[in-house]
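Peer 1: One structure is given below, represented as structure tokens, and several questions about it will come after.
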Amino acid sequence: MISIRGRKHWLWRAIDANGDVLDILIQTHRYAKAARRFLQRLVVRFGAPRVVITDKLRSYIKPVSKLASKADHRAHKGLNNAIEVSYRPTRKREKVFGRFKWIRQAQKFLSAHDQVNLIFRLLRHQLSATSYCYARTAAFNLWNDYTAEMAA
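Everything in the sequence shown is counted per this note's numbering, starting at 311 for the first residue and increasing by one.
And the structure:
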């Protein structure tokens, strides 16, 4: 949940098995219709999931059973820890910005931030120092290519 101009807004986030953010959506409600809208967006973009892990909100049951009928739906307190941890960069950026002022601004920033974060978020604990140096250089080269392409 994030607060924008004193009102609660729900941050819907989908991540894959590696912890990479697939999609993010900010909505004012957290009921079955909102869950269906978000899950439908994901199914269209990435196909039907094999496993869906959610928190214990009962609103997820119908949308998951309709849109991803073959998926194994798991709702348990400890299973969604990867999603909860993926909010940390969002919280840090929100604090630097001094909170978000508008829903559209937050949606645009968070969508872009998560995509850029995928390029630069290297799993340091899995790499040797030399590999990390090469991976970091490759990420910056990729970023420079993207920005040069957008400037042209």
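For every residue, glycine included, the Cβ atom is placed at its ideal position computed from N, Cα and C.
Owing to the predicted nature of the structure, the values given are computational and were not obtained by experimental measurement.
#1: Report the partner residues of residue 337 according to the DSSP bridge assignment.
#2: So the candidates are 441, 330, 336; which of them puts its Cα closest to the Cα of residue 413?
#3: Where do the N-terminal and C-terminal ends of the alpha helix (DSSP H) with residue 445 fall, by residue?
#4: Roughly how many angstroms separate the alpha carbons of residue 342 and residue 424, rounded to a whole number?
#5: So, at 7 Å on beta carbons, what are the nonlocal neighbours of residue 353 in its own chain, with the 5 sequence-adjacent residues on each side left out?
#6: Express the C-alpha separation of residue 404 and residue 432 in angstroms, rounding to a whole number.
#7: Just to confirm the assignment, what range does the beta strand (DSSP E) spanning residue 375 have?
#8: Out of 401, 416, 364, 370, which one is the CA nearest neighbour of residue 326?
#9: For a quick check, are the C-beta atoms of residue 334 and residue 323 less than 8 Å apart?
#10: Taking the beta strand (DSSP E) that residue 385 falls in, what are its first and last residues?
#11: Quick one: residues in its chain with C-beta nearer than 7 Å to the C-beta of residue 445, no 5 flanking neighbours on either side, listed in chain order?
#12: Nearest by alpha-carbon distance to residue 345: which of 450, 409, 316, 370 is it?
#13: Under 8 Å, do residue 398 and residue 367 count as touching if we go by C-beta distance?
#14: With residue 332 and residue 356 assumed to form a contact (beta carbons below 8 Å), what rounded beta-carbon distance in angstroms separates them?
#15: Taking C-beta to C-beta, are residue 382 and residue 361 nearer than 8 Å?
Peer 2: Considering the structure as presented:
#1: Looking at the DSSP assignment, residue 337 forms a beta bridge with 320.
#2: Taking the Cα of residue 413 as reference, the smallest distance to any Cα among 441, 330, 336 is reached at 336.
#3: Where residue 445 is concerned, the enclosing alpha helix (DSSP H) stretches over 439-461.
#4: Distance between the alpha carbons of residue 342 and residue 424: 25 Å.
#5: Excluding sequence neighbours, residue 353 sits near 377, 378.
#6: Residue 432 and residue 404: Cα-Cα distance of roughly 22 Å.
#7: It is not in any beta strand (DSSP E) - residue 375 instead sits in the alpha helix (DSSP H) that spans 371-377.
#8: Minimum Cα distance to residue 326 is reached at 364.
#9: Cβ distance < 8 Å, so residue 334 and residue 323 count as in contact.
#10: 382-385 is the span of the beta strand (DSSP E), which, as asked, contains residue 385.
#11: Taken in chain order, the residues that qualify are 432, 437.
#12: The shortest CA-to-CA distance from residue 345 to any of 450, 409, 316, 370 is the one to 370.
#13: In this structure, residue 398 sits away from residue 367, with a CB-CB distance that is not shorter than 8 Å.
#14: Yes, they are in contact, since the Cβ atoms of residue 332 and residue 356 sit about 6 Å apart, within 8 Å.
#15: Cβ distance < 8 Å, so residue 382 and residue 361 count as in contact.
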